[in-house]
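What follows is a single structure, written as structure tokens, with notes after it.
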Amino acid sequence: MNAETADRWLEKLERRRTVREGWPKYLVRLIKGALVVRYMSTSPDGIEREARRLRDMGLVEGRHFAVRAPEEDGKAGFVSIIKEGLECAVRLSIHGSGEQQRLAAEFVEYILERAREGATTCTERPWRWWRRGGRGVP
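Numbering that gives the first Met the number 0 puts the sequence shown at residues 0 to 137.
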């Protein structure tokens with residue numbers, strides 16, 4: 000293998016690496032002006048782990064996030080956090096208490112890291128909103 004090929008493979012591996020130990024790689028992007036926060040996996044265990052993490056921080060499935068299990072044909076499932084879920088997570092990270100606040104703060108910090116890594120335009124509105132204490136619309 001030549002050096003150019005090795006460098007290309009290393010770059011691909013770096014892009015797939017998680018930002019923080021213990022956290023999967025969430026997609027954080029602006030799509031048609033809307034902030035999209037989604038974890039996708041073909042592993043049912045991974046999907047359930049992330050859904051449980053969101054429940055543990057106080058988010059409610061169907062109200063704050065949506066879950067779709069992976070299909071048998073190999074199509075990935077997902078956990079998608081909707082706007083109300085992000086609002087709730089930010090509010091809990093600031094005004095929550097105990098373990099719930101800690102989990103929410105870690106999650107919000109991680110999502111902001113992912114947004115900064117992906118594209119700077121994703122971070123502007125949520126970051127200002129978080130600094131205001133999660134009041135109003137992001």
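Just so you know, even glycine gets a beta-carbon here, dropped at the ideal spot from N, CA and C.
All of these numbers come straight from a predicted model, not from anything done at the bench.
Item                                                                                                                               : Value
Length of the line joining the Cα atoms of E22 and D72                                                                             : Sequence check: residue 22 is Trp here, not Glu. Cα to Cα, the separation comes out at about 26 angstroms.
Same chain, Cβ closer than 6 angstroms to E49, neighbours up to 5 away in sequence not counted                                     : Y38 and V78
Pick from L111, D55 and K74 that is closest to R101, judged by C-alpha positions                                                   : D55
Range covered by the alpha helix (DSSP H) that runs through I93                                                                    : K82 to H94
Selected residue, minimal CA-CA separation from T41, among R51, E70, A88 and S92                                                   : E70
Residue(s) in a DSSP beta bridge with V35                                                                                          : R28
Which listed residue (G32, L29, Y25 and K31) has its alpha carbon closest to that of I46                                           : Y25
Chain-order list of residues whose beta-carbon lies under 7 angstroms from that of F106 (same chain, five-residue window excluded) : M56 and A88
Simplified DSSP assignment, three categories, for G76                                                                              : strand
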